[in-house]
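Scroll down for the structure; my scribbles are underneath it.
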């Protein structure tokens, strides 16, 4: 079964509109776009120089590293688990899911949990949300913070901030915004009123798409309003188009990566053990799924009939 797993890894922001069918599983993060397929490769001829193509056990091992945060620039980050779960939920709602691919994804979750609990506990790697909280609350003592977005990362940010500051949320999906406001006891503002947004000295953005919401004009006006301020952009692709940086109170995703960088010399042995374990788990999972597939084939009505007459 695992032999039929096909993985294509594209850069972040890759257009997958023509791949969202035929049972393909698609997941987008700030660092990559993953397309998983079963028994066919829908990406032949697409981005040959920009995509990584793997299959079978190699694809499974690679995906384990991704889910465990070992392929992230912020090594060990756990937001990726939530992003996988969100993509999984969206996949199960489709009409044309591939049940074999679904089973493989479910096993990935289980095996990744084993790796994290056995080998990656105590890695002490900060997450995007916790780094944002450190920058805004601990270092700047913010009393209010505006979070832009309504996805999993936005909810992680809400959980990081709500006990330390008054939290506001703003996103295009008003229904989801109201759900978050009610669930977490926070306030919301209208999408997207830039004048209202600019009244906040501390803003964290989790929205990413191909377009611009905040440009130099916005930041030139915003920076003049506050002495202590910080706008953290966690979106990918970035919705900022500005030359402003940390000196002006604008923190980009690359700044977050630098802030959360671990000392590889201290942690490399722990990560090495996790990767070795992943190879073993992938090989074992390969055998188990192959056995399951053969049992399924033998138990089909057609084969039962053939066996009865042997």
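Numbering (the working numbering), first residue to last: 4 to 313. Note that the Cβ used here is the ideal one computed from N, Cα and C, for glycine as well. Predicted model only: the values in this text are computed from it and were never measured.
Enumerate, from N- to C-terminal direction, the unbroken beta strand (DSSP E) stretches of 3 or more residues contained entirely within the region 159 to 225. If we require 3 residues or more, the beta strand (DSSP E) runs fully inside the region 159 to 225 come out as 169 to 173, 205 to 208.
Across the region 139 to 156 and the region 99 to 119, are there enough close Cβ pairs to call them in contact, namely three or more that are closer than 8 Å? In the pairwise beta carbon analysis, the region 139 to 156 is classified as not touching the region 99 to 119: fewer than three pairs are separated by under 8 Å.
Given a threshold of 16 other Cβ atoms within 10 Å of its Cβ, counted over all protein chains shown, does residue 314 qualify as buried or as exposed? The requested residue 314 does not occur in the structure, where the chain is confined to residues 4 to 313.
Helix or strand or just coil, what does DSSP make of residue 231? The sequence position of residue 231 within the chain shown is 228, counting from 1. Secondary structure of residue 231 (DSSP, three-state): coil.
Determine, using beta carbons only, whether residue 132 and residue 160 come nearer to each other than 8 Å. In the chain shown, the residue the question calls residue 132 occupies position 129. In the chain shown, the residue the question calls residue 160 occupies position 157. Less than 8 Å divides the Cβ of residue 132 from the Cβ of residue 160.
Report all residues from its chain with a CB closer than 7 Å to the CB of residue 233; omit the five preceding and five following residues, and keep chain order. Residue 233 sits at position 230 when you count from the first residue of the chain shown. In the same chain as residue 233, and ignoring 5 residues on each side of it, the C-beta atoms closer than 7 Å to its own belong to 138, 139, 143, 205, 252, 254, in chain order.
Residue 127, DSSP secondary structure in three states: To locate residue 127, count along the chain shown from 1; it is residue 124. Residue placement at residue 127 is poorly supported in this model, since its pLDDT is 47, which falls under 50; the coordinates still yield a value, given next. Correct three-state label for residue 127: coil.
Grab the span of the alpha helix (DSSP H) containing residue 64 for me, first residue to last. Against the chain shown, residue 64 aligns to sequence position 61. Counting along the chain, the alpha helix (DSSP H) containing residue 64 begins and ends at 59 to 70.
Which residue's Cα is closest to the Cα of residue 210: 262, 32, 46? Here residue 210 corresponds to residue number 207 of the chain shown, with the count starting at 1. For residue 210, the closest alpha carbon among the candidates 262, 32, 46 is that of 32.
Taking Cβ positions, are residue 196 and residue 235 nearer each other than 8 Å? Along the chain shown, read from residue 1 onward, the residue named residue 196 stands at position 193. Along the chain shown, read from residue 1 onward, the residue named residue 235 stands at position 232. No, the Cβ-Cβ distance between residue 196 and residue 235 is not below 8 Å.
Buried versus exposed, by CB contacts within 10 Å (16 or more), residue 180: Position 177 of the chain shown, counting from 1, holds the residue named residue 180. So residue 180 counts as buried.
Which residue comes first and which comes last in the beta strand (DSSP E) that contains residue 149? If you number the chain shown from 1, residue 149 lands on position 146. Unbroken beta strand (DSSP E) run through residue 149: 147 to 151.
Please classify residue 381 as buried or exposed, where buried requires at least 16 neighbouring CB atoms within 10 angstroms. Within the shown structure, residues of the chain are numbered from 4 to 313, placing residue 381 beyond reach of any answer.
Residue 288 and residue 5: beta carbons closer than 8 Å? Stepping through the chain shown from its first residue, residue 288 is reached at position 285. Stepping through the chain shown from its first residue, residue 5 is reached at position 2. Cβ distance < 8 Å, so residue 288 and residue 5 count as in contact.
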